[in-house]
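Participant: Please see the structure below; I have some questions.
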Amino acid sequence: MTDPDKSVAPVAEDATRRAALVALFIGITAIAAGYAAAFSHGGAPTWAAWLLALGIPVALAAIMILGATRGRRGIGALKIPFAFVALVLVIGFGAALALPATEGPLSTLWLGLPARAAIVIYGVGLLPIVVLPIAYALTFETQTLSAEDVERVRALARENRAAESSAAGGPKGDRPPG
Amino acid sequence: MISAPSVSALLQVALPNAARPAVVAVGILYFAVVLGISVWAARRTRTARDFFVAGKGIGLVALTVASVSVSVSGFAFIGGPGFIYAVGLGAMYIVLPAAVTNVMGAWVLAKRMRLLGEARSLITIPDAIGARYRSRAAQGLSAIAILVGIVGYMATNALAMGVVINSIFGVGLGWGIWIGMGVTLAYSASGGILAGIYNDVFQGTLMALASVLVFLFVLKFGGGLGEISRTILAHDAAFLGPWGKLTPLAALSFFFVFSMGSLGQPQAVHKYYMLRDPLQLKWYPLLKTLGLVLVLLLYFGVGVGVKAFVLGGRLAPLASPDQATPALLLNVTPIILAALVFSGVAAATMSAANSFINIGAAVVTHDLPVAFGKRVKNELRWGRTVTVLIAIAAAITAQRSGTMVAFLGIFGWGLFASTLVPALAVGLNWQGATRAGAMASIATGLVVTLALETAAYWKAFTFPAGVTASAVAMVSSFLVFFVVSWLTRRDAPAELDPDVRLVMEL
Chain D
167 MTDPDKSVAP VAEDATRRAA LVALFIGITA IAAGYAAAFS HGGAPTWAAW LLALGIPVAL
227 AAIMILGATR GRRGIGALKI PFAFVALVLV IGFGAALALP ATEGPLSTLW LGLPARAAIV
287 IYGVGLLPIV VLPIAYALTF ETQTLSAEDV ERVRALAREN RAAESSAAGG PKGDRPPG
Chain B
113 MISAPSVSAL LQVALPNAAR PAVVAVGILY FAVVLGISVW AARRTRTARD FFVAGKGIGL
173 VALTVASVSV SVSGFAFIGG PGFIYAVGLG AMYIVLPAAV TNVMGAWVLA KRMRLLGEAR
233 SLITIPDAIG ARYRSRAAQG LSAIAILVGI VGYMATNALA MGVVINSIFG VGLGWGIWIG
293 MGVTLAYSAS GGILAGIYND VFQGTLMALA SVLVFLFVLK FGGGLGEISR TILAHDAAFL
353 GPWGKLTPLA ALSFFFVFSM GSLGQPQAVH KYYMLRDPLQ LKWYPLLKTL GLVLVLLLYF
413 GVGVGVKAFV LGGRLAPLAS PDQATPALLL NVTPIILAAL VFSGVAAATM SAANSFINIG
473 AAVVTHDLPV AFGKRVKNEL RWGRTVTVLI AIAAAITAQR SGTMVAFLGI FGWGLFASTL
533 VPALAVGLNW QGATRAGAMA SIATGLVVTL ALETAAYWKA FTFPAGVTAS AVAMVSSFLV
593 FFVVSWLTRR DAPAELDPDV RLVMEL
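Residue numbers (the working numbering), protein chains in the order written: chain D, 167 to 344; chain B, 113 to 618.
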């Protein structure tokens, strides 16, 4: 590891990362507002649940984008699965909130469940499984990690170890040992 | 993913005596396999690295199955189906996040944690926080937060093991606790995480097998999901509403806590260090998600199926919702299936306990000394010693007070989520995050969780419907993290080492 004084360089924040951070903050703030509203006299207003129904998909999509973005390349083709999953969650939660409760003995069943339950169980619970892990695997080398990336980290680690062994015993400040 | 409520839910269960010859025989066979794996692993554990991260030498399939195993505790088999039986489909919001959590963890944490391990030879979660913020203080604070969470988890898992083993062998709760903890201790102390991983592989396979078989049996016995739904809709239509009998706010709150909170669960995140080849991460989320779906089939199948069987008069009304799984197994399914599930429940509690013992030992022998600028000379020997002490302390605590133990167990998940998610998951992906922001966030999560849970426990305060201490603590921790990092943003560049910066930029 290098001398702390030499490591001071401006932080790198691309547009995608910045947008994801803003979206994450907005999503969490919406969820916080939903909880805060629940403390009001007379219990949680109807719109409190809507804040969570919108805030949760926004926050989850934002943190996934934050993790997946790579510098100026952004999230590349992943924008499609991320948008799809955020929409599935918003539509799933929204439909469950907005559709009238019509469950009864004569309800039409969708794959064995009444409509609103089917939207939640199969839409929110299963559709993302079909999309996200596959998208992760298909874009792994280009978007997540390549053999070159691993080698770059290993090479830097070797350099740091060599530098440390040649300057063994030097003060490290508040840094934890590696 | 769903360890948190497990403990408290399992504690409320007085499992019936299941000590039939087949159940006992399968139980004995299960323990024999666990001990066999432990002996094998102990011979291969020679260093602290072997003990805490299995020498970073675990293959993809083994790591995936082990990770599924530690993500699911006895709650998925006992408390969860009971919860569905009680509140309907609203209880599904605890497990629905599984559709996104594994791949979210892979994008947000897996690559960076694994590469940090490569760059710095890190072995714990607080190690990663210390390296990210170049701060021993941040490492120490996160270690304390993890230790507080583990105290609760360990005691509750010890009690859960006692309940299950007493049900299988009829030996009494006290002996159940000591037998379960003794076996777990045997493999934790001798083979460390290596024994834990390979026992998790065995236990996870057992859990998946039991879950799938029970799910298929329920579908066959009930005439298919459509027939099961028709029976329920004729008697209790609200049960199959999209929120069940919960309020929408409560159900969505479950989804938030169990999705975002998954990024801070050390028993799952710690596993990222162990993968032999970082490039194998490619298939990890897919395999883990599929594994979790298999293990969670029982959760849905038994909860909904037993409701239909009771409403349709095919099963006697339950004394309490938590009897859903035992009632089905002991009255309806073939006894060999019951034997498999009871062993599966024991497996779930033991695998969770082993993982927490190992992480707790690493905190005591590695992270806390590092926070004070020290290094324990023989981490392997001290790791084994602390493992024994944690297990004994957990067993004694479990025997002392059921209600206090239940209280300790309730906040484990929320505490990990509120203290670790912003600092670790966001911090590893945002170069503008600062040491002050991370420490303020961890401290906020710790204080808010403990204060609110304690106030609620002593009935000094009642949450509105749908709001939980975990959720409030997590959003508070997030907001504090953002605000303090923004206020101290000038410090951010100086807090990043070049190797950490590289890992964050890749």
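Ideal Cβ placement from N, Cα and C applies to all residues, glycine included.
#1: DSSP has D:L275 in a bridge; who is on the other side?
#2: Beta-carbon within less than 6 Å of D:S312's beta-carbon, same chain only, minus the 5 sequence neighbours each way: which residues are those?
#3: Expressed to the nearest angstrom, what Euclidean distance is found between the alpha-carbon atoms of B:V324 and B:P605?
#4: Straight-line CA distance for B:G373 to B:G200?
#5: Is the segment 306-313 of chain B close to the segment 169-188 of chain B, with three or more CB pairs under 8 Å?
#6: At what residues does the alpha helix (DSSP H) containing D:W216 begin and finish?
#7: From which residue to which residue does the alpha helix (DSSP H) around B:V199 run?
#8: Closer than 7 Å by beta-carbon distance: list the chain D residues that pair up with B:T401, in chain order.
#9: Mind checking which residues open and close the alpha helix (DSSP H) that includes B:A473?
#10: Compile a chain-ordered list of the residues in the segment 576-608 of chain B whose CB is closer than 7 Å to at least one CB of chain D.
#11: What residues in the segment 554-572 of chain B bring their beta carbon closer than 8 Å to a beta carbon of chain D?
#12: So, with DSSP's three-state summary, where would you put B:L234?
#13: How should B:M616 be labelled, buried or exposed, when 16 other C-beta atoms within 10 angstroms of its C-beta is the threshold for buried?
#14: Under the rule that 16 or more other beta-carbon atoms within 10 Å means buried, what is B:V119, buried or exposed?
#15: Using the three-state DSSP reduction, which class does B:L227 fall into: helix, strand or coil?
#16: Quick check on DSSP: helix, strand or coil for B:G495?
#17: Closer than 9 Å by beta-carbon distance: list the chain B residues that pair up with D:F250, in chain order.
#18: Can you grab the Cα-Cα spacing for the pair B:Y265 / B:A585, in whole Å?
#19: Name the chain D residues that come within less than 9 Å of B:V538, Cβ to Cβ?
#20: By the criterion of Cβ-Cβ separation under 8 Å, what are the contact partners of B:V324 in chain D?
#21: Restricting to Cα atoms, I'd like to know which of B:G539, B:W570, B:A250 and B:Y205 is closest to B:F367.
#22: Are the segment 247-255 of chain D and the segment 220-231 of chain D touching, with three or more C-beta to C-beta distances below 8 Å?
#23: Suppose you measure from the CA of B:T477 to the CA of B:A301; what does that come to, to the nearest Å?
#24: With burial defined as no fewer than 16 other Cβ atoms inside 10 Å of the residue's Cβ, what is the status of B:F351: buried or exposed?
#25: Please determine, among B:E565, B:G544 and B:G338, the residue with the shortest C-alpha to C-alpha distance to B:S597.
#26: Between B:M293 and B:A507, is the Cβ-Cβ spacing less than 8 Å?
#27: Using the Cα positions of B:A210 and B:R246, report the straight-line distance between them to the nearest angstrom.
#28: Okay, do the segment 260-274 of chain D and the segment 407-423 of chain B touch, 3+ Cβ pairs below 8 Å being the bar?
#29: Can you give the beta carbon distance from B:V184 to B:V407, rounded, assuming they're within the 8 Å contact cut?
#30: Using 8 Å as the limit for Cβ to Cβ distance, is D:E317 near chain B?
#31: Measure the C-alpha to C-alpha separation of B:A380 and D:V297 and round it to an integer number of angstroms.
#32: List, in order along the chain, the chain D residues whose C-beta lies closer than 8 Å to that of B:A211?
#33: Determine, using beta carbons only, whether D:L253 comes closer than 8 Å to chain B.
#34: Tell me where the alpha helix (DSSP H) around B:T477 begins and ends.
#35: Could you give the distance in angstroms between the alpha-carbon of B:V135 and the alpha-carbon of B:L147?
#36: Please decide whether B:M372 counts as near chain D, where near means a Cβ-Cβ distance under 8 Å.
Facilitator: From the atom records:
#1: Against the first sequence, residue 275 of chain D aligns to sequence position 109. When DSSP reads this structure, D:L275 sits in a beta bridge with D:P280.
#2: On the first sequence, position 146 is the one that residue 312 of chain D refers to. Within the same chain, D:S312 has no close Cβ partners at all.
#3: Locating residue 324 of chain B in the second sequence gives position 212, where the first residue counts as 1. Locating residue 605 of chain B in the second sequence gives position 493, where the first residue counts as 1. So the alpha carbons of these two residues sit roughly 51 Å apart.
#4: The residue you call residue 373 of chain B lines up with position 261 of the second sequence. The residue you call residue 200 of chain B lines up with position 88 of the second sequence. For the pair B:G373 and B:G200, the Cα-to-Cα distance works out to about 23 Å.
#5: By the C-beta criterion, the segment 306-313 of chain B is judged to be in contact with the segment 169-188 of chain B, since at least 3 inter-stretch pairs fall below 8 Å.
#6: For the purposes of this step, residue 216 of chain D is taken as residue 50 along the first sequence, with counting starting at 1. For D:W216, the enclosing alpha helix (DSSP H) starts and ends at T212 to A234.
#7: Your numbering for residue 199 of chain B matches position 87 in the second sequence. DSSP places B:V199 inside the alpha helix (DSSP H), whose first and last residues are G191 to V199.
#8: Residue mapping note: residue 401 of chain B aligns to position 289 of the second sequence, counting from 1. Per Cβ cutoff of 7 Å: I295 and P299.
#9: Position 361 of the second sequence, counted from the start, is the residue given in the question as residue 473 of chain B. Looking at the DSSP string, the run of the alpha helix (DSSP H) that includes B:A473 is I447 to A474.
#10: So the list reads P576, A577, G578, V579, A583, V584, V587, F590, L591, F594, A604, P605, A606 and L608, given in the order they occur along the chain.
#11: For the segment 554-572 of chain B, there are no residues whose beta carbon sits under 8 Å from a beta carbon of chain D.
#12: To locate residue 234 of chain B, count along the second sequence from 1; it is residue 122. Three-state DSSP puts B:L234 in coil, outside helix and strand.
#13: As a position in the second sequence, residue 616 of chain B is number 504, starting the count at 1. With 16 or more Cβ atoms within 10 Å of its Cβ, B:M616 is classed as buried.
#14: To locate residue 119 of chain B, count along the second sequence from 1; it is residue 7. Bear in mind that a pLDDT of 39 at B:V119, under 50, signals an unreliable position, so the number given afterwards is only what the model happens to contain. Flag for B:V119 reads buried.
#15: By 1-based counting over the second sequence, the position of residue 227 of chain B is 115. The three-state secondary structure of B:L227, taken from DSSP, is helix.
#16: Mapped onto the second sequence, residue 495 of chain B falls at position 383. In the three-state reduction of the DSSP assignment, B:G495 falls in the helix class, which pools H, G and I.
#17: As a first step, residue 250 of chain D must be located in the first sequence, where it is residue number 84. Neighbours of D:F250 on chain B: none; closest Cβ ~12 Å, over 9 Å.
#18: Here residue 265 of chain B refers to the residue found at position 153 of the second sequence. Here residue 585 of chain B refers to the residue found at position 473 of the second sequence. Distance between the alpha carbons of B:Y265 and B:A585 is about 18 Å.
#19: Here residue 538 of chain B is taken as the residue at index 426 of the second sequence, counted from 1. The contacting residues are L187, L190, I229 and L232.
#20: For the purposes of this step, residue 324 of chain B is taken as the residue at position 212 of the second sequence. The premise fails here: B:V324 is roughly 16 Å from chain D at the closest Cβ pair, so nothing lies under 8 Å.
#21: On the second sequence, position 255 is the one that residue 367 of chain B refers to. Measuring from the Cα of B:F367, the nearest candidate turns out to be B:Y205.
#22: The count of Cβ pairs closer than 8 Å, one atom from the segment 247-255 of chain D and one from the segment 220-231 of chain D, reaches three, so the stretches are in contact.
#23: The count along the second sequence starts at 1 and reaches residue 477 of chain B at position 365. The count along the second sequence starts at 1 and reaches residue 301 of chain B at position 189. Taking the straight line joining both Cα atoms gives about 14 Å.
#24: The residue labelled residue 351 of chain B in the question sits at position 239 within the second sequence. The residue in question, B:F351, is buried, as its Cβ has 16 or more Cβ neighbours within 10 Å.
#25: In the second sequence, residue 597 of chain B corresponds to position 485, counting from 1. Nearest C-alpha to B:S597: B:G544.
#26: Residue numbering aside, residue 293 of chain B sits at position 181 when the second sequence is read from its first letter. Residue numbering aside, residue 507 of chain B sits at position 395 when the second sequence is read from its first letter. Against a cut-off of 8 Å, the Cβ pair of B:A507 and B:M293 comes out as a contact.
#27: For this step, residue 210 of chain B is matched to residue 98 along the second sequence. For this step, residue 246 of chain B is matched to residue 134 along the second sequence. In a straight line, the C-alpha of B:A210 is about 33 Å away from that of B:R246.
#28: In short, these stretches do not touch, since the Cβ pair count stays below three.
#29: What you label residue 184 of chain B is simply residue 72 of the second sequence in a count that begins at 1. What you label residue 407 of chain B is simply residue 295 of the second sequence in a count that begins at 1. Contact between B:V184 and B:V407 holds, with the beta-carbon distance rounding to 5 Å and staying under 8 Å.
#30: Stepping through the first sequence from its first residue, residue 317 of chain D is reached at position 151. Chain B has no Cβ within less than 8 Å of the Cβ of D:E317.
#31: Indexing the second sequence from 1 puts residue 380 of chain B at position 268. Indexing the first sequence from 1 puts residue 297 of chain D at position 131. Rounded to whole angstroms, B:A380 to D:V297 spans 22 Å at the Cα level.
#32: The residue you call residue 211 of chain B lines up with position 99 of the second sequence. Near B:A211 (Cβ distances below 8 Å), the residues of chain D are V290, G291, L292, L293, P294, I295 and L298.
#33: In the first sequence, residue 253 of chain D corresponds to position 87, counting from 1. Judged by the 8 Å Cβ criterion, D:L253 is not in contact with chain B.
#34: Indexing the second sequence from 1 puts residue 477 of chain B at position 365. For B:T477, no alpha helix (DSSP H) encloses it, and the DSSP letter there is neither H nor E.
#35: Here residue 135 of chain B corresponds to residue number 23 of the second sequence, with the count starting at 1. Here residue 147 of chain B corresponds to residue number 35 of the second sequence, with the count starting at 1. Rounded to whole angstroms, B:V135 to B:L147 spans 18 Å at the Cα level.
#36: If you number the second sequence from 1, residue 372 of chain B lands on position 260. The beta carbon of B:M372 falls within 8 Å of a beta carbon belonging to chain D, placing the residue at that interface.
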